[in-house]
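2 protein chains.
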Amino acid sequence: MAKRPGAYHCGTEAAMDIIDGKWKVGILWALGEGVRRFGELRRMLPGVTEKVLASHLRELEQDGIVRREALPTVPPHVEYSLTPLGVSLNDALAPLARWGEQHILSAVR
Amino acid sequence: MAKRPGAYHCGTEAAMDIIDGKWKVGILWALGEGVRRFGELRRMLPGVTEKVLASHLRELEQDGIVRREALPTVPPHVEYSLTPLGVSLNDALAPLARWGEQHILSAVR
DNA sequence: CAGAATCCTTAAAGATACTG
DNA sequence: CAGTATCTTTAAGGATTCTG
Chain A
82 MAKRPGAYHC
92 GTEAAMDIID
102 GKWKVGILWA
112 LGEGVRRFGE
122 LRRMLPGVTE
132 KVLASHLREL
142 EQDGIVRREA
152 LPTVPPHVEY
162 SLTPLGVSLN
172 DALAPLARWG
182 EQHILSAVR
Chain B
82 MAKRPGAYHC
92 GTEAAMDIID
102 GKWKVGILWA
112 LGEGVRRFGE
122 LRRMLPGVTE
132 KVLASHLREL
142 EQDGIVRREA
152 LPTVPPHVEY
162 SLTPLGVSLN
172 DALAPLARWG
182 EQHILSAVR
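In the order they appear, the protein sequences are chains A and B.
Following the working numbering, the numbering of the first sequence begins with 82 at its first residue and continues without gaps.
Following the working numbering, the numbering of the second sequence begins with 82 at its first residue and continues without gaps.
Quick look at the structure:
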């Protein structure tokens, strides 16, 4: 979770704080493809527990990265999507993804 | 620390694994300015303990990000610097730094 | 279905002291 | 100077159960 804006020394530190959490970048990646429901996200991230997924989503929501919309249906129905800020964060992450693919993932392939 | 290349689902995850550690991006930033000695790094990162700094440096060295050169002098003298891979990682981190500055740090200034 | 509540495990980090 | 060796602390994450 992000702290107060004054608590950082550089932008990277601030950004890292927001995506700090085992499944945060996975969530960003999953929501980059469109609107997803809670159960969909859970299936897209094999191994994540409900508790951790819920708390990560709540933190991302508080940081303005994710929008949460609860539909008043029975049974409950909640949709998650990226805010414009979330989209921009995803874009800023793209070079890092390319770096990882080129230098780490392709090392043995 | 980076695991085996096959253990990741995307490049971001692999990159995040390498810079995972409270002071790793700080070390990258400090070494981006040039060669530094152990004691210099410690002073540049207020709050880091010797143990954590040493282990972070060892991990970054194993991941090929940092080069360690021990000079055979008395008293001991060890110089740390970025490898070409480390420089490229620092470059890939730049967009994220800009994002953090624009969207988080400047939020209250 | 989408979570909240509770309890539990364990790695990462911190503190402190010591040394080639 | 540049670490290593222990010990302790903490907080993220996991497992399980329960509910509007």
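Even glycine gets a Cβ: it sits at the ideal position worked out from N, Cα and C.
Exercise for review: Could you please tell me which residues of the stretch 143-174 of chain B, in chain order, have their CB closer than 7 Å to any CB of chain A?
Suggested key: For the stretch 143-174 of chain B, the beta-carbon criterion of a distance under 7 Å to any beta-carbon of chain A is satisfied by L166, S169, L170, A173, L174.
Practice item. Give the range of the alpha helix (DSSP H) segment to which A:L174 is assigned. Key: Per DSSP, A:L174 is one residue of the alpha helix (DSSP H) stretching across 165-184.
Exercise for review: Measure how close the beta-carbons of B:E131 and B:R123 come, nearest whole angstrom, since I'm counting them as under 8 Å.
Suggested key: Contact flag correct, Cβ pair sits at about 7 Å.
Review point. Is A:E94 helix, strand or coil by DSSP?
Key: Helix.
Exercise for review: Would you mind sorting B:K105 into buried or exposed? The rule is 16 or more other CB atoms within 10 Å of its CB.
Suggested key: Under this definition B:K105 is a buried residue.
**Study point:** Extent of the continuous beta strand (DSSP E) run through A:A135
**Key:** Not the beta strand (DSSP E): A:A135 falls in the alpha helix (DSSP H), residues 131-143.
**Study point:** Any chain A beta carbon closer than 8 Å to B:T93
**Key:** Taking Cβ atoms only, chain A reaches closer than 8 Å to B:T93, which makes this a yes.
Check your understanding: Whole-angstrom Cβ separation of A:A96 and B:L166, contact assumed at under 8 Å?
Key -> At roughly 21 Å, the Cβ-Cβ gap does not stay under 8 Å, so A:A96 and B:L166 are not in contact.
Review point. Name the chain B residues whose beta carbon is nearer than 9 Å to that of A:G128?
Key: Contact annotation for A:G128 against chain B: no contact, minimum CB-CB distance about 11 Å [criterion: below 9 Å].
**Study point:** First and last residue of the uninterrupted beta strand (DSSP E) at A:V155
**Key:** A:V155 -> no beta strand (DSSP E), and no H or E assigned at all.
Practice item. Flag this pair as yes or no: are the beta carbons of B:L170 and A:W110 separated by less than 8 Å? Key: The Cβ atoms of B:L170 and A:W110 lie no closer than 8 Å to each other.
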